[in-house]
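Have a look at the structure below before the remarks.
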Amino acid sequence: MKIIFLNGTPIAKVWADKVNLEWYLSNGFELEFWNLDRIYYSSSQIKRYFSDNKYLSYKPPNQKIFYSKEDVKKELYSIHKNTIFCLLDFANHDDFWLRRLLKIVNANYYVGPRVVGFHGEKYLLDSKTKYIFYFLKRFIDSFSDENFLKRYNFFNRFKDYLYKYSNYYQKPIFVASSGFAGRQMWMKKTLAANFLSIPSVEIDWTKKERFIDFEYGVFVDDTIFSSPDYSMNHGDSNYRTKNIKKYIDNLKSFFNLIERKFKLKIIIAASGKYIYDKNPYNREIFYQKTAELIQHANLIIGHNSSALNQAIVNKKPTLMIFDSTIKKEKRMKIQYVANYLNIKPLNIESYSEKELHENLNQNDDTDTVIKKYFLENIEKDNHLTSYEMIAKEIHHIGLDK
0 MKIIFLNGTP IAKVWADKVN LEWYLSNGFE LEFWNLDRIY YSSSQIKRYF SDNKYLSYKP
60 PNQKIFYSKE DVKKELYSIH KNTIFCLLDF ANHDDFWLRR LLKIVNANYY VGPRVVGFHG
120 EKYLLDSKTK YIFYFLKRFI DSFSDENFLK RYNFFNRFKD YLYKYSNYYQ KPIFVASSGF
180 AGRQMWMKKT LAANFLSIPS VEIDWTKKER FIDFEYGVFV DDTIFSSPDY SMNHGDSNYR
240 TKNIKKYIDN LKSFFNLIER KFKLKIIIAA SGKYIYDKNP YNREIFYQKT AELIQHANLI
300 IGHNSSALNQ AIVNKKPTLM IFDSTIKKEK RMKIQYVANY LNIKPLNIES YSEKELHENL
360 NQNDDTDTVI KKYFLENIEK DNHLTSYEMI AKEIHHIGLD K
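Per numbering that gives the first Met the number 0, the sequence shown starts with residue 0, numbered consecutively.
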C-alpha cells in the first residue's frame with residue numbers, strides 16, 4: 000500500500016514527530032512526501048521559518064519538492080490507482096486547486112491527524128443566539144488579526160461554498176481528529192465520508208520517567224520573543240510584547256513569589272522553536288522535554304501554548320497568565336485558549352491572594368475538556384497510537400486489494 004502525503008506548510012520536526020512518517024515506512028507502507036510549501040511561500044519566507052534552528056529542521060523521507068501547481072498536476076496523472084493520499088494540512092491554505100485535481104484524477108485521500116484548538120469551541124454552541132454572539136465577537140476581534148484579509152477572502156469563501164454544496168471538488172474518505180469537538184469541526188469542514196476518532200496528537204499519552212529530583216513548577220515557554228510562524232510571514236521577531244524588559248521583570252517577580260509560596264523551583268520548558276543565546280529567565284531551560292516535565296510537575300504556568308493541553312490531560316494545577324505588556328493580538332489568543340480550556344487567566348501585575356488560589360483550583364472538571372478536545376472516549380483503553388489507528392483504517396477500507 001502506498002501513501003502520498005501532501006503538505007503545503009513548512010514541516011518542523013516538532014510536528015513531524017507527531018505524524019511519524021517513519022513509522023509507516025517501518026510497517027509495510029510505501030511512502031512519498033510531496034512538499035508543496037514552495038507553492039505557497041517564497042524561499043526567503045521558508046528560510047526565516049527554519050532560521051538554522053536544529054530543533055525545527057526536518058527532512059521528510061522520500062521527499063519530492065514541487066514549485067508549481069502544474070508540476071503537481073503532471074505527477075498526479077501518473078499515480079497508480081491503489082495509492083491513497085493524505086492531505087496533511089487541509090484548509091491551511093487556499094488548497095481548492097488541489098482538491099479539484101484530486102477530483103479530476105478520482106484519487107482517494109484522507110485528512111489528518113488534525114487538532115482542534117480554540118477554533119473548535121464554536122462547533123459546540125447549542126443555540127443560534129450563542130452562535131450570533133460568538134460570530135460578532137470574533138468578527139470584531141478579527142480586525143486585530145494579521146490574517147483578517149485571508150480569513151474573510153470572498154473568493155475563498157465562494158470556493159468553500161462550492162466545496163460544500165456541489166461535487167466539483169474531491170472530498171476525503173475519512174478525517175482523523177480528536178474529541179467530540181474534533182468530530183463536529185472536521186466533519187463539517189471536510190464533509191468526509193467517515194470520522195476516525197484518535198487520541199489527540201498534541202498530547203503525549205505515554206508515561207514518562209521523572210528525571211528531576213526536586214519539587215518544581217513548569218513555565219511553558221511561549222513565542223513572546225520570537226515566533227517562526229509570524230517571522231515567516233512578517234519578518235518581525237519581538238512582536239508579542241510592547242516592552243520586553245518589563246515583561247521579563249514581571250515574569251521573574253511572579254516566579255519568585257510562586258517559588259517562595261509553594262516551596263519549589265520554577266524551570267522552563269521550551270519546544271525549541273526559539274533557541275536562547277542568553278537565558279532571560281535566570282532559571283534552567285529544558286528543550287524538547289515538555290511532556291516529561293509537565294507529567295511530574297507540581298504546577299504549570301503559561302500563556303496560550305498548545306503544551307498547556309498536556310497539563311489539562313495530566314490534571315495539573317494550571318495558571319494562564321498575562322501582563323500589561325502583552326500585545327493585543329496575543330492577549331486575545333490567550334483569552335480564546337482560556338475559554339476553551341475552561342481556565343481564567345491571571346494578570347500577574349494585579350491579583351489577590353484569593354484570585355491566585357482560585358485560579359490554581361479551577362480545573363476540577365478536566366474530564367469534560369478532555370472529552371471535548373483530546374479523547375472522545377476516556378473510559379476506553381486507548382492502547383493504539385494515532386498513526387496505528389490511521390493505518391488500521393486504511394487497511395480496513397481495503398484500497399490495497
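Cβ atoms here follow ideal geometry from the backbone N, Cα and C, with glycine treated the same way.
As the structure is a prediction and not an experimental result, all values here were calculated from the model.
>> Taking its Cβ as the centre, do 16 or more other Cβ atoms sit within 10 Å of ILE103, making it buried, or is it exposed?
In response: exposed
> By the 10 Å Cβ neighbour count, where 16 or more other Cβ atoms means buried, how is GLU352 classified, buried or exposed?
Replying inline: exposed
> Exposed or buried, what is ARG209 when buried is set at 16 or more other beta-carbons lying within 10 Å of its beta-carbon?
Replying inline: exposed
>> Residues in the same chain with beta-carbon distance under 7 Å from ILE284, minus the five sequence neighbours each way, listed in chain order, please.
In response: ILE267, ALA269, TYR275, ASN278
>> Looking only at its chain, what residues have a beta carbon closer than 6 Å to the beta carbon of LEU100, apart from the 5 residues adjacent to it on each side?
In response: LYS72, LEU75
> Just to confirm, are LYS272 and VAL13 a CB contact at a threshold of 9 Å?
Replying inline: yes
> Taking the Cβ atom as the reference point for each residue, do VAL174 and ARG259 lie within a distance shorter than 9 Å?
Replying inline: no
> Among the residues of its own chain, which have a CB less than 6 Å from the CB of TYR122, if the five just before and after it don't count?
Replying inline: ALA180, GLN183, MET184
>> Tell me the DSSP secondary structure of THR367 in three-state form.
In response: helix
>> Tell me which residue opens and which closes the beta strand (DSSP E) that SER176 is part of.
In response: 173-176
> Does the Cβ-Cβ distance between ASP36 and PHE95 come in under 9 Å?
Replying inline: no
> Span of the beta strand (DSSP E) holding LEU263?
Replying inline: It is not in any beta strand (DSSP E) - LEU263 carries neither H nor E in the DSSP assignment.
>> Using a Cβ-Cβ cutoff of less than 8 Å, which residues in the same chain neighbour LYS1 once the five nearest sequence positions on both sides are dropped?
In response: PHE28, GLU29, LEU30, GLU31, HIS79, ASN81, THR82, ILE83
> What span of residues does the beta strand (DSSP E) with ILE320 cover, start to end?
Replying inline: 317-321
> Which word fits PRO60, buried or exposed, when buried means at least 16 other C-beta atoms lie within 10 angstroms of its C-beta?
Replying inline: exposed
> With 16 other CB atoms within 10 Å as the buried threshold, where does SER385 fall?
Replying inline: buried
> Nearest CA to the CA of PHE253: which residue from GLU214, TYR350, TRP33, ARG137?
Replying inline: TYR350
> If you drop the 5 nearest sequence neighbours on each side, which residues of the same chain put their C-beta closer than 6 Å to that of HIS295?
Replying inline: ARG209
>> Cutting at 8 Å between CB atoms, please list the residues of its own chain near TYR39, excluding the five before and the five after it.
In response: GLY7, THR8, HIS92
>> Between which two residues does the beta strand (DSSP E) holding LYS1 run?
In response: 1-6
>> On a Cα-Cα basis, can you pick out the residue from PHE321, LYS370, ASN107 that is closest to PHE4?
In response: ASN107
> Under 9 Å, do HIS315 and VAL200 count as touching if we go by C-beta distance?
Replying inline: Just to set this straight, residue 315 is Lys in the shown sequence, not His. No.
>> So the candidates are LEU55, LYS68, TRP22; which of them puts its Cα closest to the Cα of PRO227?
In response: LEU55
> Using CA coordinates, which residue listed in ASP322, LEU263, TYR162, PRO198 is at the minimum distance from ILE389?
Replying inline: PRO198
> Taking the C-alpha atoms as reference points, what is the distance between LEU307 and PHE153?
Replying inline: 34 Å
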